[in-house]
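Only one structure is covered here, and it is reproduced in the block below.
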Amino acid sequence: MEREYYNEEIEIKEMIFVIVKRLKLILSVIILTTLFGIIYSFIYKNNIKLNIAISFVLGCMLSVFIVFMIEYFKNTINFKSDVIKHLGLKVIGVIPRLPESKNAIENKFVFECINMIISNLNINFNSKVLTFTSSGPEEGTTKTILNIGKLLAKRGKKVVLLDCNLRNPKIHENFNLYNDNGLIEIIKENVNYSESDICKKTNIDNLWFINSGVNTDNPLKILESEKLREFIDYLRDNFDYILIDTPPVSIVTDALILSNISDGTILICASEKSEIELAKRSVDLLKEVKANIVGVILTNVSKYNPEKYYKFEKSVYYKS
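Per full-length UniProt numbering, the very first residue in the sequence shown carries number 1; after that it's consecutive.
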């Protein structure tokens, strides 16, 4: 009952936010068309009152039409209520949109949101090996893993980030290192990982990462190998958390393979970007392989969401 109350309250809050946003759009269109009518009247010396009235009516009609078209053609996940409604999954947390230049952890909203995500993971799931994937490209999977990993490490947990996105690896770029001597080399060259420096230390205490290594022509052979399972078992014995970065599940099967090695799989959805049908297809694919879907993290939540939205969400969360 408490969780249902939480979801209903969040849905109401999101509905109010959307209504306010649409009203602002309607008002803007009406003002612009009315101003156009006034300017037109002054230029051509026509009946000002009549032109203002016509412009106002046209503005109302045009704005309502624009709002209708926006809602009619809406095909993306925007809010937590969209995730619950269309995907039927729990929302572990949200991460607001930030400019590229900003350090996410230093932003108070992002810091609190990631803290909430970690709390949800600890309280509800107790998973050690987590696979992160998305329905489509550029939805914030790598950034989310990095931020969660950094915060876990700052809490004193020993964390390793494992880049299993062998087709488009990115984790090494965040640490300004070359993508050599990585996971692919461990599997293909039968490296004794217990004696190698394959786990690269970062400048953050308790945080390591393993880059993907030099590109391979057959990523599936690497991911399906028994050697990879043995390596992840080795990481289990030496780290508190193993966070695995994978490519979009709707594009390649990599995440489906890794989901069966992991304790849980987390789907990343980018607000106003993740297509509903593609996200639903991604969930179906994960369910087909019996993946333990922990839930969804909603990224890229609009910066126009007011501060009170996050305060509200936090206050309701602690009530539940």
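We treat Cβ as the ideally placed atom computed from N, Cα and C, and that holds for glycine.
Bear in mind the structure is a predicted one, so any value in this text is a computation, not a measurement.
Exposure of residue i, with buried meaning 16 or more beta-carbon neighbours within 10 Å
i	result
Phe42	exposed
Ile39	exposed
Phe65	exposed
Ile16	exposed
Leu35	exposed
Leu50	exposed
Pro96	buried
residue 363	Residue 363 is absent from the model: the chain starts at 1 and stops at 320.
Met116	buried
Leu258	buried
Asn78	buried
Asn47	exposed
Ile19	exposed
Leu228	buried
Leu162	buried
Tyr304	In this prediction, Tyr304 scores a pLDDT of 39, lower than 50, which makes its location untrustworthy; the coordinate-derived value is nonetheless stated afterwards. Classification for Tyr304: exposed.
Bridge partner(s) assigned by DSSP for residue i
i	result
Ala270	Thr299
Ile293	Thr265
Thr76	Glu275
Ile43	Partner(s): none; Ile43 has no beta bridge.
Phe231	According to DSSP, which records beta bridges pairwise, Phe231 is partnered with nothing at all.
Leu130	Leu243 and Gly264
Phe209	Leu161 and Lys200
Val91	Val296
Pro96	Val301
Straight-line Cα distance separating residue j from residue i
i	j	result
Gly156	Met69	50 Å
Leu150	Phe111	The question names Leu, but residue 150 in the sequence shown is Lys. Their Cα atoms are separated by approximately 11 Å.
Val94	His172	25 Å
Asp217	Arg167	9 Å
Arg22	Ile222	49 Å
Thr141	Lys85	22 Å
Ile30	Gly37	11 Å
Glu224	Cys113	34 Å
Gly136	Val301	16 Å
Lys158	Asn206	5 Å
Thr76	Leu89	16 Å
Thr246	Asp254	7 Å
Phe209	Lys80	31 Å
Asp237	Asn120	23 Å
Ile54	Asp82	38 Å
Ile186	Thr131	19 Å
Lys170	Tyr178	11 Å
Val91	Thr144	14 Å
Ile266	Asp240	18 Å
Ser274	Ile251	14 Å
residue 353	Val67	Residue 353 is absent from the model: the chain starts at 1 and stops at 320.
Gly59	Glu272	26 Å
Leu278	Ile52	46 Å
Ser212	Pro219	10 Å
Leu285	Thr33	48 Å
Cys199	Thr299	28 Å
residue 350	Ile276	Here the chain covers residues 1 to 320 and nothing more, so residue 350 does not appear.
Asn260	Val57	59 Å
Lys108	Leu25	29 Å
Gly264	Ile148	15 Å
Ile204	Glu226	31 Å
Lys154	Lys74	40 Å
Ser262	Asn122	16 Å
For residue j and residue i, believed in contact at Cβ under 8 Å, the rounded distance
i	j	result
Leu235	Val160	6 Å
Ile297	Ile268	5 Å
Val289	Leu243	Wrong, their Cβ atoms sit about 20 Å apart, outside the cutoff.
Leu183	Cys164	7 Å
Val249	Ser127	No, Val249 and Ser127 are not in contact; Cβ-Cβ is about 18 Å, not under 8 Å.
Val214	Asp180	6 Å
Lys287	Leu87	Not really, about 11 Å apart at Cβ, beyond 8 Å.
Glu189	Ala270	About 36 Å; that fails the 8 Å criterion.
Thr202	Phe175	6 Å
Leu152	Ile118	6 Å
Next on the checklist: I'd like the ranges of any beta strand (DSSP E) spanning at least 3 consecutive residues and lying wholly in the stretch 148-206.
Outcome noted: 159-163
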